[in-house]
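Quick notes on the structure that follows.
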Amino acid sequence: MVRTTVSLSELPEGSTATIRDIDSLSPTSQRLLDMGFVPGTSIRAVKKAPMGDPTTFEIRGYQVGLRRSESSLIDVEINPDDR
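Here it is in structure tokens:
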């Protein structure tokens, strides 16, 4: 069985997913929610930096770069077309 729920930090470049959950215990989580990273929202990994950190994501019509420490707080479900 293929695991379809992963941390956003594990989303392959070019893949799309749907946000499922955010670690609410982290102090960064409220800032991520304010930026539009809410459950049910579609997100796409646009480009990873050469060393893999940060990654640029497209969400709600804009692009934002997140460090691995931030994107690891978000659980996503990879869209079936991108598996």
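Position one of the sequence shown corresponds to residue 458 (the working numbering), numbered consecutively onward. Beta carbons are placed, not taken as given, at the ideal position from N, Cα and C, and that holds for glycine.
Contact under 8 Å by Cβ, Thr533 with Ile500 | According to the sequence shown, residue 533 is Val rather than Thr. Their beta carbons are under 8 Å apart, which means Val533 touches Ile500 by this criterion.
Label Leu482 either buried or exposed according to how many other C-beta atoms from any shown protein chain fall within 10 Å of its C-beta, with 16 as the threshold for buried.
-> exposed
Minimum C-alpha distance to Glu527 - residue among Val503, Asp480, Glu470 and Gly518 | Asp480
Would you tell me roughly how many angstroms separate the C-alpha atoms of Leu465 and Val503, rounded to the nearest one?
-> 12 Å
Paired residues, beta bridge with Arg408 - DSSP = This structure cannot settle anything about residue 408, because the visible part of the chain is limited to 458 through 540.
Thr498 and Arg525: beta carbons closer than 8 Å?
-> no
Report the rounded CA-to-CA distance for Glu470 versus Thr512, giving the unit in angstroms.
-> 9 Å
Under three-state DSSP, which class holds Ser466?
-> helix
Tell me whether Arg488 sits in a helix, a strand or coil according to DSSP, three-state version.
-> helix
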